[in-house]
Amino acid sequence: MGDELQWADVPADRLNIAATLDSGQCFRWICTGDGDWIGVIGDCGVKLRPRVDGFWWQTYPRRDRWDLIQQFFALDVDLERLYGEWRRAEPRTEQSIARNAGMRILRQDADEAFFSFLCASCNTVVKIRRSVQALARMYGEAVAEVDGLVLHAFPTAERIANASEPALRAALWGYRAPVLIDAARDVSERGDGWLDSLRAVPYREAHAELTSIHGIGAKIADCICLFGLWHDEAVPIDTHVRRIAMRLFRPDLAIKSLTPAVYDTLASLFRARFGPYAGWAQQYLFYDSLRHAEDR
DNA sequence: CACGGCCCTTGGG
DNA sequence: CCCAAGGGCCGT
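Dropping the structure here:
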């Protein structure tokens, strides 16, 4: 075994590992009883052991891949600068910043974000986790074993396109199983690297491309844009963020249902208020309201 | 353009 | 037991 964890001098208020991995951006990281986090980045298993003034880490089977961790957690983004801008733009963000300092938006694989959020509609976080983990276990390559856990890379679109619908239904995908398979076919048909290529185009264009796929509406497209395509200005408006946005910006919209027009209005207000990292600001307000249930 | 019914499962009321 | 839960589609 020879764990030989490496030390990273990144304090918890610059990277809050637990908040980041628990905030509903990703669904396959597991927290062990000891407080270690175990997951996969690309084709590497990863172990993280958070401490206050930094964290221990290692990658498997190839060791010492700090480059993977540095990119996955977007450690190049200066949080203090963002906090300053948000406080100035909207003082009511203060509490969500203070209570979740160090939370970050992940730079995830485009494929994993795409297919994970495809099953988020009318679902619970607990069940999304189980569905996505089952999908990876059934169709993803085993890449490493860490502390007795066999870790799998996320399956390719091609593998998912050829998956068995009954098997997926049984693995908690339910009525979403055929949607998943059809979407995987669409993605395969558009060619290798199509999803990744949406990182290089403007956010609006990437969003439009995604919503052209059956099963992907405005909200899920924004989740994929923010978490998988690294478009930091994407603001997914779910039921929680909707309440927050109405409270902050437009109480008059409270009576209206979330039509495409209302959706776009609220997301645009977020961007106008918080700027190019509006998606990050959204994550703080979202996670804070989820944990403290203050919006109800 | 706005609304309502429908869809798999599950855990929490 | 029943029903909402981090939506989207299709029909009116």
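Taking this note's numbering as reference, the numbering of the first sequence is continuous, increasing by one, and the terminal residue is 306.
Heads up, the beta-carbon is just placed ideally off N, CA and C, and yes, glycines get one too.
Out of the options, which one is the CA nearest neighbour of residue i?
i, options, result
"Ala-193", "Thr-221, Leu-208, Pro-212", "Thr-221"
"Val-251", "Leu-239, Asp-206, Asp-298, Phe-237", "Asp-298"
"Leu-159", "Asp-46, Gly-64, Leu-25, Phe-83", "Asp-46"
"Gln-80", "Arg-114, Lys-229, Gln-292", "Arg-114"
"Ile-226", "Leu-116, Ala-130, Asp-32", "Ala-130"
"Leu-268", "Gly-289, Ala-228, Arg-59, Ser-207", "Ala-228"
"Ser-174", "Gln-68, Pro-188, His-162", "Pro-188"
"Gln-68", "Glu-168, Ala-167, Glu-155", "Glu-155"
"Ala-123", "Ala-163, Ile-107, Ser-106, Ala-180", "Ala-163"
"Phe-259", "Cys-233, Val-135, Lys-266, Glu-100", "Glu-100"
"Gln-293", "Ile-223, Arg-179, Leu-92, Leu-15", "Leu-92"
"Gly-150", "Val-136, Trp-290, Pro-165, Ala-291", "Pro-165"
"Tyr-70", "Arg-179, Cys-41, Glu-14, His-217", "Glu-14"
Note down the Cα distance separating residue i from residue j, rounded to an integer number of angstroms.
i, j, result
"Glu-199", "Cys-235", "20 angstroms"
"Tyr-185", "Asp-274", "28 angstroms"
"Ile-51", "Asp-262", "43 angstroms"
"Ala-120", "Leu-205", "6 angstroms"
"Ala-146", "Arg-72", "20 angstroms"
"Ser-278", "His-241", "14 angstroms"
"Leu-89", "Arg-169", "38 angstroms"
"Pro-212", "Gly-43", "42 angstroms"
"Gly-203", "Asp-196", "13 angstroms"
"Gln-143", "Phe-125", "12 angstroms"
"Cys-132", "Gln-16", "40 angstroms"
"Glu-304", "Arg-253", "In this prediction, Glu-304 has a pLDDT of 49, which is less than 50 and means its spatial position is unreliable; nothing more can be read from the coordinates."
"Val-272", "Arg-257", "14 angstroms"
"Pro-270", "Glu-219", "16 angstroms"
"Val-135", "His-224", "22 angstroms"
"Leu-78", "Leu-208", "21 angstroms"
"Gly-201", "Lys-57", "33 angstroms"
"Ala-291", "His-302", "17 angstroms"
Assuming residue i and residue j are in contact, meaning their beta carbons sit under 8 angstroms apart, how far apart are those beta carbons, in whole angstroms?
i, j, result
"Ala-5", "Phe-280", "Residue 5 falls outside the range modelled here, since the chain spans only 11 to 306, and no answer is possible."
"Arg-97", "Thr-103", "6 angstroms"
"Leu-25", "Phe-82", "The pair is not a contact, with the Cβ atoms about 11 angstroms apart (cut-off 8 angstroms)."
"Val-245", "Ala-288", "5 angstroms"
"Asp-23", "Gly-112", "5 angstroms"
"Ile-191", "Ala-210", "Ile-191 to Ala-210, Cβ: 28 angstroms. No contact."
"Asp-53", "Val-153", "5 angstroms"
Taking a contact to mean a Cβ-Cβ separation below 8 angstroms, would you say residue i touches residue j in this structure?
i, j, result
"Gly-285", "Gln-118", "no"
"Ala-18", "Gly-64", "yes"
"Pro-21", "Val-62", "yes"
"Arg-140", "Leu-182", "yes"
"Trp-39", "Gly-55", "no"
"Gln-35", "Leu-116", "yes"
"Leu-128", "Ile-27", "no"
"Ile-138", "Phe-296", "no"
"Ala-177", "Met-148", "yes"
Under 7 angstroms from any heavy atom of the ligand SAH, does the C-beta of residue i make it?
i, result
"Pro-246", "The model on display carries no ligand, and the ligand SAH is accordingly not part of it."
Segments of 4+ residues assigned as alpha helix (DSSP H) that fall wholly inside the segment 70-125: 76-82, 89-99, 104-109
4 or more residues per run - each alpha helix (DSSP H) lying fully within the segment 240-284: 249-258, 270-284
Contained beta strand (DSSP E) runs [length at least 3] in the segment 137-204, N- to C-terminal order: 152-156, 159-162
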